[in-house]
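> Residue numbers (this note's numbering): 152 to 723. All C-beta atoms, glycine included, are put in the ideal place defined by N, C-alpha and C.
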């Protein structure tokens, strides 16, 4: 480390001291520590030097020295920092407070897992007494010198038969803390007597809420629906689980598969219909749809038979899907009903303006903590919990996803058009027909997505027009998204043209820094970046033309001069 750390004041290592649980044997303590260091330090790229001290039987502990730099792939030392916008930032999160808290929690969790495995009832926590809800003042850790001095004074007092009194400042302070903690303990014992009635009330609420689900009157269809959801979720079913399963069915992979099959059928019908109408007018032109003019009727019958077979298969799949979705919906309704009943037990006088999600989280809070949330805190608590459960993509993210999908669709259409031409050259009509069907399917998806994208672009234009104080009429999606991104991050200069030029330069630089594409994915990524950069350039030119038109409209003299140059006289 000394070789790579050149500065005179460089930190060479990070020290962490951990207490080892006395309930475990020396071997168990060592293994626990090694497993913890491997998972939290070595696997993250650090070197950990461990020294275990057992000089005091009641205080086994370990000193862990950690490296400050990550390793490169070749085994050399990496960098700790880099410059970002002129500021030096850490390349790892090892200095973050959150990381330290995570390490402390992980160590406590490992100890508790070991205790549970050995049947030890003790538990440890990485949190302060206050966070644990313990009415106790923590003592102050003495330095090694102060601790040894206090121990020596204690032995001297015992030899002389005198009561021991701390002599150092922090030793005296800890003695006072011990006295305060004894008083708090006595008060806690008194509070236990008062809390018996509260305990009985909580127990009564628990029993009432548990009885709601135990004694719920469900018919056979509802039971079957709950069983189906439980099998799909592979867990106990409550409102949140039933909702997740229902949404997975209503919006997930099975639903997307159904929509894809539906689109495939529609595309196949369209190609057959178009080929039929073309054949009625100009028979030779059906070749573009993958039909041989001389065998059109025969091929048409085959395609119609194929279509009917696909429709039958699709109907079977759709029937199965709708049956499962209906059961999931019924299971969700049952869980809503049970949640409503549980909520009424806890909040018998609550108004009817709470949403079912809010009621569920209020009930869960009671089940988890035994406490009842104040009604005024329920909406904020539920909103926080909902955010933890699932994060919805932002409006800008949805728009970007549509834009990227349209780029891929256009590329697919070009690819399939090329394949159709190649197939027709070698008279492979089946391949040409399949390419035509795929093109039609992509066109249908593109039509639907383009309408949605235009609506989103109109919203972006309105947001940017308000921000820049001018009419933002550019239509390029990439430009609108990048401008919106600048506004959201607070990095906009409020100068429309300047911001456009800035993001174009940034995108061009990214493109230039990209390595030469080799794989299919890299080629697509490069083409997409090129597409974005070209679009930004078009947006700049579009904005410039709009400015020129605006200036021209504002200066009537130019209009009169233009008329004069066309052979007309000046207006007087």
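Residue 378: buried (16+ other C-beta within 10 angstroms of its C-beta) or exposed?
Start at 1 with the first residue of the chain shown, and residue 378 comes out as number 227. Exposed, since its Cβ has fewer than 16 Cβ neighbours within 10 Å.
> Where does residue 683 fall in DSSP's three states?
Walking along the chain shown from the start, residue 683 turns up at place 532. In this structure, residue 683 counts as helix in the three-state DSSP scheme.
> Pick out whichever of 642, 450, 682 has its Cα sitting closest to the Cα of residue 661.
Against the chain shown, residue 661 aligns to sequence position 510. Of the listed residues, the one whose Cα sits closest to residue 661 is 682.
> Taking Cβ to Cβ, would you say residue 199 is nearer than 8 Å to residue 217?
For this step, residue 199 is matched to residue 48 along the chain shown. For this step, residue 217 is matched to residue 66 along the chain shown. Contact: yes.
> Please state whether DSSP places residue 222 in a helix, a strand or coil.
Taking the first residue of the chain shown as 1, we reach residue 222 at position 71. The answer is strand: DSSP assigns residue 222 an E or B state.
> Let me see if you follow: with CB-CB separation under 8 Å, is residue 511 close to chain B or not?
Within the model displayed, chain B is absent; a lone protein chain is all it includes.
> Using 8 Å as the threshold, is the stretch 651 to 659 in touch with the stretch 625 to 634, meaning 3 or more CB pairs across them?
Judged by Cβ distances under 8 Å, the stretch 651 to 659 makes contact with the stretch 625 to 634, as three or more pairs qualify.
> So, at 7 Å on beta carbons, what are the nonlocal neighbours of residue 426 in its own chain, with the 5 sequence-adjacent residues on each side left out?
Within the chain shown, the letter at position 275 stands for residue 426. Around residue 426, the same chain offers 437, 440, 442 as residues with beta carbons nearer than 7 Å, after the five sequence neighbours per side are excluded.
> Mind reading off the beta-carbon distance from residue 212 to residue 167? Whole number of angstroms is fine, and I expect it under 8 Å.
As a working mapping, residue 212 is identified with position 61 in the chain shown. As a working mapping, residue 167 is identified with position 16 in the chain shown. That pair is no contact at about 11 Å.
> Along the chain, where does the beta strand (DSSP E) containing residue 166 start, and where does it finish?
Position 15 of the chain shown, counted from the first residue, corresponds to residue 166. 164 to 170 is the extent of the beta strand (DSSP E) around residue 166.
> Quick one: using the 10 Å Cβ neighbour count with 16 as the cut-off for buried, is residue 643 buried or exposed?
Taking the first residue of the chain shown as 1, we reach residue 643 at position 492. Buried, by the Cβ-count rule.
> What's the C-alpha gap between residue 243 and residue 192?
By 1-based counting over the chain shown, the position of residue 243 is 92. By 1-based counting over the chain shown, the position of residue 192 is 41. One C-alpha to the other measures close to 12 Å.
> State whether the stretch 443 to 452 contacts the stretch 469 to 484, with contact taken as three or more CB pairs (one from each stretch) at a distance under 8 Å.
no
> Cβ atoms of residue 550 and residue 611: under 8 Å apart, would you say?
Mapped onto the chain shown, residue 611 falls at position 460. Mapped onto the chain shown, residue 550 falls at position 399. Contact: yes.
> Taking the straight line between their C-alpha atoms, what separation do you get for residue 561 and residue 621?
As a working mapping, residue 561 is identified with position 410 in the chain shown. As a working mapping, residue 621 is identified with position 470 in the chain shown. If I take the Cα positions, the gap works out to 32 Å.
> Classify residue 387 as buried or exposed, calling it buried when 16 or more other Cβ atoms lie within 10 Å of its own Cβ.
Against the chain shown, residue 387 aligns to sequence position 236. Residue 387 comes out exposed.
> What is the rounded straight-line gap between the Cα of residue 614 and the Cα of residue 362?
Looking up residue 614 in the chain shown gives position 463. Looking up residue 362 in the chain shown gives position 211. Distance from the CA atom of residue 614 to the CA atom of residue 362, rounded to whole angstroms, is 52 Å.
> Compare the C-alpha of residue 433 against each of 423, 444, 693 and name the closest.
Translated into the one-based positions of the chain shown, residue 433 becomes position 282. Minimum Cα distance to residue 433 is reached at 444.
> Would you please state the rounded distance, in angstroms, between the beta carbons of residue 497 and residue 513? I believe it to be under 8 Å.
The sequence position of residue 497 within the chain shown is 346, counting from 1. The sequence position of residue 513 within the chain shown is 362, counting from 1. That pair is a contact at about 7 Å.
> When you compare only the Cα positions, how much space is there between residue 366 and residue 590?
The residue labelled residue 366 in the question sits at position 215 within the chain shown. The residue labelled residue 590 in the question sits at position 439 within the chain shown. The alpha-carbon atoms of residue 366 and residue 590 are separated by roughly 57 Å.
> From this set, 673, 625, 422, which residue's C-alpha is nearest residue 687's C-alpha?
Along the chain shown, one-based indexing puts residue 687 at 536. Residue 687 has its Cα closest to that of 625, out of 673, 625, 422.
> Can you say whether residue 222 is buried or exposed, counting buried as having 16 or more other CB atoms within 10 angstroms of its CB?
Along the chain shown, one-based indexing puts residue 222 at 71. Exposed: under 16 other Cβ atoms inside 10 Å.
> With a threshold of 7 Å on Cβ separation, who are the neighbours of residue 665 within its own chain once the five nearest residues in sequence on each side are excluded?
The residue given as residue 665 occupies position 514 in the chain shown. Excluding the 5 residues flanking it on each side, residue 665 has same chain C-beta neighbours closer than 7 Å at 677, 680, in chain order.
> Using a Cβ-based criterion (distance less than 7 Å to any ligand heavy atom), does residue 459 qualify as near the ligand GTP?
The ligand GTP is absent from the structure shown, which contains no ligands of any kind.
> Three or more C-beta pairs closer than 8 Å, one from the stretch 453 to 468 and one from the stretch 593 to 601: is that the case here?
no
> For residue 592, is the classification buried or exposed, using 16 other Cβ atoms within 10 angstroms of its Cβ as the cut-off for buried?
As a working note, residue 592 is residue 441 in the chain shown. Residue 592 comes out buried.
> Evaluate residue 423 with the Cβ neighbour count: other Cβ atoms within 10 Å of its Cβ, from every protein chain shown; 16 or more gives buried, anything less gives exposed.
Taking the first residue of the chain shown as 1, we reach residue 423 at position 272. With 16 or more Cβ atoms within 10 Å of its Cβ, residue 423 is classed as buried.
> Please classify residue 590: does DSSP put it in a helix, a strand, or coil?
Here residue 590 refers to the residue found at position 439 when the chain shown is read from its first residue. Correct three-state label for residue 590: helix.
> Compare the beta carbon distance of residue 297 and residue 275 with 8 Å and say whether it is the shorter of the two.
Mapped onto the chain shown, residue 297 falls at position 146. Mapped onto the chain shown, residue 275 falls at position 124. No, the pair does not count as a contact, with Cβ atoms beyond the cut-off.
> Could you check what DSSP says for residue 194 in three-state terms: helix, strand or coil?
As a first step, residue 194 is located in the chain shown; it is residue number 43 there, counting from the start. Residue 194: helix per DSSP, three-state reduction.
> Taking the straight line between their C-alpha atoms, what separation do you get for residue 467 and residue 397?
Looking up residue 467 in the chain shown gives position 316. Looking up residue 397 in the chain shown gives position 246. If you take the alpha carbons of residue 467 and residue 397, they lie about 20 Å apart.
> Quick check: what's the CA-CA separation for residue 529 versus residue 252?
Counted from its first residue, the chain shown places residue 529 at position 378. Counted from its first residue, the chain shown places residue 252 at position 101. If you take the alpha carbons of residue 529 and residue 252, they lie about 28 Å apart.
> DSSP state of residue 245, grouped into three classes?
By 1-based counting over the chain shown, the position of residue 245 is 94. In the structure shown, residue 245 falls within a coil segment according to DSSP collapsed to helix, strand and coil.
> Determine the direct distance from the alpha carbon of residue 558 to that of residue 575, and round the result to whole angstroms.
Working through the chain shown from its first residue, we reach residue 575 at position 424. Working through the chain shown from its first residue, we reach residue 558 at position 407. Distance between the alpha carbons of residue 575 and residue 558: 26 Å.
> For residue 325, count the other beta carbons within 10 Å of its own beta carbon; 16 or more makes it buried, fewer makes it exposed. Which is it?
Locating residue 325 in the chain shown gives position 174, where the first residue counts as 1. When all chains shown are included, residue 325 counts as buried.
> Once you ignore the five residues that flank residue 263 on each side, which residues in its own chain have a CB closer than 8 Å to its CB?
Here residue 263 is taken as the residue at index 112 of the chain shown, counted from 1. Correct list, in chain order: 274, 275.
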